[in-house]
Structures are given as C-alpha cells and as structure tokens.
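The structure under discussion appears below in the form of structure tokens.
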Amino acid sequence: MVTYIFRRILQSILVLLVVGLVAFAMFTFIGDPIDNMLGQERTQEDIDRLRGVLGLDQPFVVQYVKFVISAMQGNFGVSYEQGRPVAQILAERAPATLELAAVSALFALSLGVVLGVYTAIHRKGFVANLVLTLSLIGVSLPTFLIGILLIYLFSVQLDWLPSFGRGETVDLGGWTTGFLTSSGMRALILPSITLGLYQMTLIMRLVRSEMMEVMRQDYIRFARARGLSERAITFRHALKNTMVPVITVTGLQLGSLIAFAIITETVFQWPGMGLLFINAIKFVDIPVMAAYLMLISVMFVGINLIVDLLYVSIDPRLRT
Amino acid sequence: MSALSRFWDSDFAWDFRHSPVAVVSFLVALLLVLSAVFAPLIATMNPFVPANLNLMNGFTAPGVPNQFTNETFLLGTDDQGRDVYSTILYGMRISLFVGFAAVALGMIIGVTLGLIAGYFGGWTDAVIMRIADVQLTFPSILVAMLIFGVAKGITPVEYRDQLAIWVLILSIGLSDWVQFARVVRGATMVEKQKEYVQAARLIGRGALPILTRHILPNVLSPVLVIATISLALAIIAEATLSFLGVGAPSTQPSLGTLIRIGQGFLFSGEWWILFFPSVTLLALALSVNLLGDWLRDALNPKLK
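Residue numbers (our numbering), protein chains in the order written: chain A, 14 to 333; chain B, 76 to 379.
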C-alpha cells in the first residue's frame, strides 16, 4: 500500500509539472512581455538589459525551473489588465467561488441521496418516474439556460430572489463571506441550484442504481427475515453500502463544480474566480489565465489524489 | 434486391422504425439541419447585412404589426430590428457548422492517435494515453476555453473576429479527441490479434495499409456512436462559449451568441429575443442527444 500511495503522489506531481509547462509556454510564446513593459521609444540596449533583468536570456529549462519555484511560492506575476499581482486578485476572488461550490455540493449531495433512495424504493411510483424524466431533461439542458430560466421564474416573474451578485458580504480578515447576512444567503440560492443541478442528477442516478443493486442481495433479505423495520434496512444496512461510490463521485465532481462555476458566475455576475477567468480570456490577460490554470489543476489533481487515498482507507478490500 | 430495400429490411432499420423516440428526434434534427442549410432561401432577410435593417422595426413583438412600419414578424425582432426568425436560421448555421467541424476534427485526431496507440503499443501507446489521461482530468469545456484563450492570444488583433469561428472549431475539436482515441485504441488492440490482420501481415502489407484498409473499417461503428453524442456536446459547448462571450462574435452570431444578446432584454419584457433561440438550441441538442443514445443501443449487440 505504501508503494501505491507513493506512486499516486508521484503521478500527481508529474501531471502538475506538465500543466506547469503548458502555463509556462503560454507566458513564453504568447506576446512578448518586453513589448508590454517598454514603450514605443525603446532601444535595442533597453530591450537587452530588460531581458537580462527578467532572466529571459537564460535557457528554456532554467526559466522553466524558476517559473515552477516562483509558482510554488504563489507568485504568478502581475495582471496585464489590472496591473496588480495575480495572487492578490485570486485571493480576493476565491471566497466567492469556494462558498458557491460548497453550497452547491451540499445541495447536490443531500437532495441527490434523498431522491436516489426514494426513486430506488418506489421504483414503479408516479413521482419517482416524474423525477427521473425531469432529471433526464435537466441533464440535456445547458447550464446557462437553467440559470436564465431560474432568473426568469424567481427574479423577473416572482421577484423573490436577487438575480445577480453576492448581496451583502462580511469581511472576516481577508475572507469575504455571504453566509452571515440574509441578503448574502438569498443571493446564494439560485446560483447554487444552477451549479449543483447536474451533479444532483448524477448523484441521484448513482444512488438509485447502487441501492437497487444492494437491495437484491442476500444480507438485505436476512435483515428482513430478522424482522428489522423497512427504515432500518434502507438507511442502516443498504444506504451505508452505497456510500463508497457516492463519496468518490462527489469528491471527483467537486473539481468540476469549481470549473463549471465559470458559467454560473457569468450568468449571475457572481464576483468569483470564474468570472475573472472569462474576463482574462477576453482581454488575453495571460498571467491571470496561467495562474487560474495552475490553481485549478492543483485542486483537480489534489482532489483526485485525496479521493484515491480515501478509497483505500474506506474499502478494506483494496488494502493488500 | 436493391441496396435501399436491403437497408429497409435490415435489423438496424427495423429498430429505427420501431422506436418512436428515434424517429421523432431524427425528424426534428433533420428539419433543423435542413432549415439551417437552406437558411438563405427560407429566411425573410439576411439579418447581418446592415442595409436590410430598419431600426424603426426594433422590438416588434411576435405576430403583432409594428406600430411605426406596420410590418409583422413571425417571431418578433430584436433591438436593431433584426427578424428573430432569420437570426435563428443564420445562427443555427454557425452552431451546426462549428459543431460538425469540431467533431470531425476531434474524430480525425482521435481515430488516428487511437489506431497508432492500439496497433504499435509500447511507448507510443504510453505517451498518447498519458496525454489523454492528463486532458481527461479536466472538464472538456475548460480545455476548450483555455485553447480558445491561447489561440486568441496568438492571432493578430485585426483578424480576431474573422478567425473566431475557426478558433472555436479548433478549441472544441482539440478538447474532445480523447473519447475517440480511447475507444479506437481498445478496438484496435482486439482487432490486431485476429487472423485477417495476421494474414495481411504475412503477405507483407505495411502498417499503413493494414491500419487504414483492414482495421479502420472494423472499428468504425463505435466511432459513429461517439460522434453523434459528441455532436450534441459540441453544439452545447459552442453555445456555452459563445454565451460566455468567448466564442462566435456578434458579427457572426451563433445560437449561443443570440441567447447572450437576448439575456440583456430579460428584465425589460422582450422575452421573444431570448426565448426562441433558447428553444431552438434545446431542440437541436436534445434531438441529437436522443438520436445518439438510440444509436448506441442499436449498434450494441450485447443489449439485444
């Protein structure tokens, strides 16, 4: 098992280095930073001197190693568009995205498990079939259309919930949170449903098929024979055994939530990292794009790694 | 017996005739594709030629005569007086063109790399599949956005709008080759063990003719299924990118761009500018998706 863990960690580091190479290549080959920094009246000497100062005259490999070292220290240079350090901009935007993703994940997991168990038990029921049909349509709807639909229903027609922004936020020493004000909480509802809906249907279908599989097994029949109540069988015996794949999928989907937040944040003008990334693409703001790429890969690779390691610790059969 | 009647009697055609979902979604998809292809003939105007537009026609509600010009538009007009019905037809052309071209690109790259990886094995296989694994770690829409951003950075500013469609095709195509490569690789590894490939090798055929003439035709049916499902995904990916403002420009709007434009009028009550493009996109994505699902089941002998 130690070799397995070691190999997984090594693999993750390799993936990150490859992504780092892509990010670094973006810096190097797209637009000359010298062009961005020096004005029209530059001389060849100026250019050469600045190249020396920035270390651009060194071999590719040396530059790459330097890039990796400064990236590990959280230094991604200065945004072309805003003229501020990228790390600082990302740190300001991160809480909005992380809070949105966390609430969406909670929504998807709780509703997904409940609906999954329900549709597995009442397999022939009208409500269960309705839920399944709706979820099929929901999956084929593009995320942004779901967002617009929710805005139309709950903001334009009913005027219940805000259609954009985070509402009032409270600053907790560098972390702005929307959890502490009622307008912040209300602003979270529509975006998190939009973002979490796809994951919710995914979890629901998974729980449903796993539950149906488990309910057929002998130990459930024995539990019935022992005279246990239907509720105890469902929740204590059956649901517990479906949790390993559910946890895995939820964990793996956490990364997608943060990536798909780009779409939701644009629909709801949510001031998070996704909106920042989209604007960076529009303005070809390479440092922000590269930093976002690195940050999201660290999250993805990290989550994958943690899920794999958790898998080993949850499921004793994988330990050899 | 003619080829047509043989096709009509085949299992495949029988399956199709007896699946209402397949027939309906095929007809819807066919109708949409045909109306996009013949858009110049059935549209009331080319809405992207400024000379055709009359600003007085702006914000005409569907089916109601305009109060200034007394003209009527089936699906209404947008803020610049463009007929929504015509913008949808022309927008669908862009959406479908990008969708088909992106899938074709992804398919060519994926099938080629899959054949190579499956046939040669060894380190070629290892390198190709590791690249696929790394790319698969990230959602394809994110990969597409990134490629779009990089390509945008490379193209000179004055060509950006003209090239946007091609950049879009490139980014979506490059983001979905992995599915093709994986399936073709697996099928190739199975096929290359079979006698006919051994025989072809024995009579001294080279790797290239064996791959293209012998193995390729035998691994194509799963490729067809993936291509159909990829088409639905590519249409949605294109719409998403254009909706986010990093896709088709407003001078060459796709359905996604039209939805982005329409979203601006959501609060002022001009619902038709947003509603009709959205419904069209839905019908397009849903019909292609259902068709792909049916195709997957029909071509999978294990399910019969």
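For glycine and all other residues, C-beta sits at the position ideal for the given N, C-alpha and C.
Source: prediction; values computed, not measured.
Exercise. Can you name the residues of chain D whose CB is closer than 8 Å to the CB of Lys227 of chain B?
Worked result: The displayed structure is made up of protein chains A and B, and chain D is not among them.
Problem set entry | Under 8 Å by beta carbon: chain A residues contacting Ser353 of chain B | Correct list: Leu158 and Ile161.
Exercise. Candidates B:His93, B:Phe213 and B:Phe351: which alpha carbon is nearest Ser250 of chain B's?
Worked result: Distance check between Ser250 of chain B and each of B:His93, B:Phe213 and B:Phe351 places B:Phe213 closest, using alpha-carbon atoms only.
For this session: List the residues of chain A whose Cβ lies closer than 7 Å to the Cβ of Ile311 of chain B, in chain order.
Result: Identification of chain A residues near Ile311 of chain B by a Cβ-Cβ cut-off of 7 Å yields Pro155, ordered along the chain.
For this session: Find out if the Cβ-Cβ distance for the pair Gly264 of chain A, Thr214 of chain A is shorter than 8 Å.
Result: Taking 8 Å as the Cβ cut-off, Gly264 of chain A and Thr214 of chain A do not qualify as a contacting pair.
For this session: List the residues of chain B whose Cβ lies closer than 7 Å to the Cβ of Ser269 of chain A, in chain order.
Result: Under the 7 Å cutoff, chain B gives Pro214.
For this session: Let me know if Phe113 of chain B comes out buried or exposed under the rule of 16 or more other beta-carbons within 10 Å of its beta-carbon.
Result: Classification of Phe113 of chain B: exposed, given that the 10 Å Cβ count is below 16.
For this session: If I'm right that Leu107 of chain B touches Leu359 of chain B with Cβ under 8 Å, what's the distance once you round it to whole angstroms?
Result: That belief holds up - the Cβ atoms of Leu107 of chain B and Leu359 of chain B are roughly 5 Å apart, short of 8 Å.
Exercise. Hey, which unbroken runs of the alpha helix (DSSP H) at 4 residues or more fall wholly within the region 248-301 of chain A?
Worked result: Counting whole runs of 4 or more residues, the region 248-301 of chain A contains the alpha helix (DSSP H) stretches 252-280 and 286-295.
Problem set entry | CB contact below 8 Å: Gln338 of chain B versus chain A | Closer than 8 Å to some Cβ of chain A, the Cβ of Gln338 of chain B qualifies, so yes.
Exercise. Nearest CA to the CA of Thr190 of chain A: which residue from A:Leu241, A:Val15 and A:Leu113?
Worked result: Across the set A:Leu241, A:Val15 and A:Leu113, the C-alpha of A:Leu113 shows the shortest separation from the C-alpha of Thr190 of chain A.
Problem set entry | Three-pair Cβ contact test at 8 Å for the region 99-106 of chain A versus the region 311-328 of chain A | No, they do not touch.
Exercise. Counting contacts by CB-CB distance shorter than 8 Å, is Val74 of chain A in contact with chain B?
Worked result: Not closer than 8 Å to any Cβ of chain B, the Cβ of Val74 of chain A fails to qualify, so no.
Exercise. So, does the CB of Asn254 of chain A fall closer than 8 Å to a CB anywhere in chain B?
Worked result: Under the Cβ criterion of 8 Å, Asn254 of chain A is not counted among the residues facing chain B.
Exercise. Name the DSSP bridge partner or partners of Trp188 of chain A?
Worked result: Within the DSSP secondary-structure output, Trp188 of chain A pairs in a beta bridge with A:Leu185.
Problem set entry | Euclidean distance between Cα positions of Val78 of chain A and Phe351 of chain B | Val78 of chain A and Phe351 of chain B have their C-alpha atoms some 52 Å from each other.
Exercise. So what does DSSP say about Lys379 of chain B, is it helix, strand or coil?
Worked result: Bear in mind that the predicted position of Lys379 of chain B carries a pLDDT of just 46, short of 50, making it unreliable; the figure below should be weighed with that in mind. Three-state result, Lys379 of chain B: coil.
For this session: Quick one: list the residues of chain B neighbouring Asn142 of chain A, beta-carbon separation under 9 Å, in chain order.
Result: What Asn142 of chain A touches in chain B: nothing, since even the nearest Cβ is about 16 Å away.
Exercise. Expressed to the nearest angstrom, what Euclidean distance is found between the alpha-carbon atoms of Thr230 of chain B and Ser94 of chain B?
Worked result: A straight-line Cα-Cα distance of about 47 Å links Thr230 of chain B and Ser94 of chain B.
For this session: Mind checking which residues open and close the alpha helix (DSSP H) that includes Leu288 of chain B?
Result: One point to set straight first is that residue 288 of chain B is Arg, not Leu, in the sequence displayed. Counting along the chain, Arg288 of chain B falls outside any alpha helix (DSSP H), and DSSP gives it neither H nor E.
For this session: Can you tell me which of B:Tyr160, B:Arg371, B:Thr147 and B:Ser85 puts its alpha carbon nearest to the alpha carbon of Leu299 of chain B?
Result: Ranking the options by Cα distance to Leu299 of chain B, first place goes to B:Arg371.
For this session: State the CB to CB distance for the pair Gly261 of chain B and Gly367 of chain B, rounded to an integer number of angstroms; the pair is presumed to be in contact (CB under 8 Å).
Result: Contact doesn't hold; Cβ gap of about 19 Å is too wide.
For this session: Could you tell me whether any Cβ in chain A is nearer than 8 Å to the Cβ of Ala360 of chain B?
Result: Yes, its Cβ sits closer than 8 Å to a Cβ of chain A.
Exercise. For Ile164 of chain A and chain B, any beta-carbon pair shorter than 8 Å?
Worked result: It does; some Cβ of chain B falls within 8 Å.
Exercise. Does the separation of the CB atoms of Tyr165 of chain A and Leu341 of chain B fall below 8 Å?
Worked result: It is a contact, given that the beta carbons lie within the stated cut-off.
For this session: Report yes or no: is there a C-beta of chain B within less than 8 Å of the C-beta of Ala121 of chain A?
Result: Not closer than 8 Å to any Cβ of chain B, the Cβ of Ala121 of chain A fails to qualify, so no.
For this session: Run down chain A in chain order and give the residues with a C-beta less than 8 Å from the C-beta of Gly224 of chain B.
Result: By Cβ distance, chain A contributes Ala293, Ile294, Val297 and Met302.
Exercise. To which residues of the same chain is Ile301 of chain B closer than 7 Å at the C-beta, ignoring the five residues directly before and after it?
Worked result: Closer than 7 Å at Cβ, skipping near neighbours: Gln254, Phe255 and Val258.
For this session: Give a yes or no on whether 8 Å exceeds the smallest Cβ distance from Met39 of chain A to chain B.
Result: At least one chain B Cβ lies under 8 Å of Met39 of chain A.
For this session: Answer with yes or no whether the minimum CB distance from Val321 of chain B to chain A is below 8 Å.
Result: The beta-carbon of Val321 of chain B is placed less than 8 Å from the nearest beta-carbon of chain A.
Exercise. By how many angstroms is the C-alpha of Val139 of chain B removed from the C-alpha of Asn364 of chain B?
Worked result: Near 35 Å, if we compare the C-alpha coordinates of Val139 of chain B and Asn364 of chain B.
Problem set entry | Delimiting residues of the alpha helix (DSSP H) encompassing Met14 of chain A | No alpha helix (DSSP H) contains Met14 of chain A, which DSSP labels as neither H nor E.
For this session: Return helix, strand or coil for Thr119 of chain B, following the three-state DSSP convention.
Result: Coil at Thr119 of chain B, not helix or strand.
For this session: Measuring alpha carbon to alpha carbon, tell me which of A:Ser269, A:Ala36, A:Phe290 and A:Ile260 ends up nearest Ser123 of chain A.
Result: For Ser123 of chain A, the closest C-alpha among the options A:Ser269, A:Ala36, A:Phe290 and A:Ile260 is that of A:Ile260.
Exercise. If you run the structure through DSSP and keep just helix, strand and coil, what is Pro95 of chain B?
Worked result: In the three-state DSSP reduction, Pro95 of chain B falls in the helix class (H, G or I).
For this session: Report all residues from its chain with a CB closer than 7 Å to the CB of Gly240 of chain A; omit the five preceding and five following residues, and keep chain order.
Result: When the five nearest sequence neighbours on each side are left out, no beta carbon in the same chain lies closer than 7 Å to the beta carbon of Gly240 of chain A.
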